[in-house]
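Chemist: Its first residue numbered 717, the sequence shown is counted upward by one per residue in my numbering. Ideal Cβ placement from N, Cα and C applies to all residues, glycine included. Note that this is a predicted model, so its numbers are computed, not measured. After the structure tokens below, expect a handful of questions from me.
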Amino acid sequence: MAEETGSGPLDGYVLTTADEPMETVTFHPDGRRLAVTTGYYWTQLWDIHARETVGELLIDHGGMRAMAFQPDGRLLATAGVVIRLWDSDTQQETGVPLEGYTGEVKTMAFRPDGSLLASAGSEATVRLWDPARRCPVGDALTGHDKPVWTMTFHPDGRLLASGGEDCTVRLWDTEARRPVGAPLATRQDWVFSVAFHPGGHLFATGGQDGTVRMWDTQTRSPIGDPLIGHKGSVFSLAFHPDGRLLATAGDDGTVRLWDAHTRQPFGDPYNAHNNPTVYEDGTPRIWGNTLYTVAFNRDGSMMASCDHSGNVRVRPTPSA
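Written as structure tokens, this is what we have:
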């Protein structure tokens, strides 16, 4: 574990996990534990207050490219070609894997009440699963014609948004298992990230063109101009739980905060190259270029992000 030099509102500390890219981080609902996956074959849980690992590695040699905690925190879902469900306390796999994919799963999301798990990936379909019965719910939802990279549930649990390489975002009614309206042509090239505002009235998308766009959930129309600032693809975005801030991260190595109401930048971007880390032997190391994920914990007090060089940074959320 490395302590961070420098000062400022986005300073924190670094959890050094491996010399390989960290692709996904997600907070356990208790706000204390953080799950980290490499995108290869393992996932590790951390206690962010003690700054130490929790339990053994979760390993799937078939790959782990996506993960999601069940909202009550009991289960952690990980996926490569199969989806596995793990007890988050014992770190033991529970029940049988969810199988049926011939390609890679790139994204998953639990419905807010935990009763449904959605997944998608290289097959370009969206699948719904009953995590209790370990079985699919209905047929796969078709509409995307290229791999799907991102998905998220609306706070009401019925509406699901998905986006990917076909440069569209699609909305789905997960009860009726049908599309809602026409697909949104985002003009962002590939869509890598989508997130609903906690109020549910709008959602944001991030894409290959480096912009972030806000959308009205009811009308499915853009809200204002795109948020411009990133110099490369926007791989991840997350709304603060109280809805006041939007965090974005991407290929330019920055985490940026935006006022979700005014759509203006909130403070200065955090640039990884301006904040070296120093290890116990005194060796400085620049935190890697590409940032794959940014996330808030449940009460919004902490942020976490992960990078291409194998580090996870945890820091307090700046005050508004």
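From this set, Asp958, Cys1022, Leu973, Thr1009, which residue's C-alpha is nearest aspartate 1015's C-alpha?
Modeler: For aspartate 1015, the nearest C-alpha among the options comes from Asp958.
Chemist: Within the same chain, show all residues whose beta-carbon is closer than 6 Å to that of histidine 946, passing over the 5 residues directly before and after it, in chain order.
Modeler: For histidine 946, where only same-chain residues beyond five positions count, the Cβ hits under 6 Å are Gly926, Gly966, Asp968.
Chemist: Suppose contacts are defined by Cβ-Cβ distances below 9 Å. Is valine 864 in contact with alanine 840 by that definition?
Modeler: Yes; because the gap between Cβ atoms is below 9 Å, this pair is in contact.
Chemist: Between glycine 1037 and valine 741, what straight-line distance do the alpha-carbon atoms span, to the nearest angstrom?
Modeler: The chain is shown from 717 up to 1036; residue 1037 falls before or after that span and cannot be answered.
Chemist: Please say whether threonine 890 and alanine 834 have beta carbons closer to each other than 9 Å?
Modeler: It is a contact, given that the beta carbons lie within the stated cut-off.
Chemist: Do phenylalanine 869 and phenylalanine 908 come within 9 Å of each other at the CB atom, strictly closer than that value?
Modeler: For phenylalanine 908 and phenylalanine 869, no; Cβs fall outside 9 Å.
Chemist: Looking at the unbroken beta strand (DSSP E) that takes in threonine 740, where does it start and where does it end?
Modeler: That run of the beta strand (DSSP E) goes 740–743.
Chemist: So which of Arg849, Leu832, Ile944 has the shortest CA-CA distance to threonine 810?
Modeler: Of Arg849, Leu832, Ile944, the residue nearest in Cα terms is Arg849.
Chemist: Taking only the alpha-carbon atoms, compute the straight-line gap between valine 950 and glycine 922 and give it to the nearest angstrom.
Modeler: When rounded, the distance between both Cα atoms is 5 Å.
Chemist: By DSSP, does glutamate 772 sit in helix, in strand, or in coil?
Modeler: It is a strand residue.
Chemist: Measuring from the CB of valine 798, is there a heavy atom of the ligand MN at a distance below 8 Å?
Modeler: Only the bare structure without any ligand can be found here, which leaves the ligand MN out of the picture.
Chemist: Since proline 942 sits in a beta bridge, which residues does DSSP pair it with?
Modeler: Answer is none; proline 942 lacks a bridge partner.
Chemist: Would you mind stating whether leucine 962 and alanine 954 have Cβ atoms separated by less than 9 Å?
Modeler: In contact: leucine 962 and alanine 954 (Cβ atoms closer than 9 Å).
Chemist: Taking the C-alpha atoms as reference points, what is the distance between glycine 771 and aspartate 803?
Modeler: Taking the straight line joining both Cα atoms gives about 12 Å.
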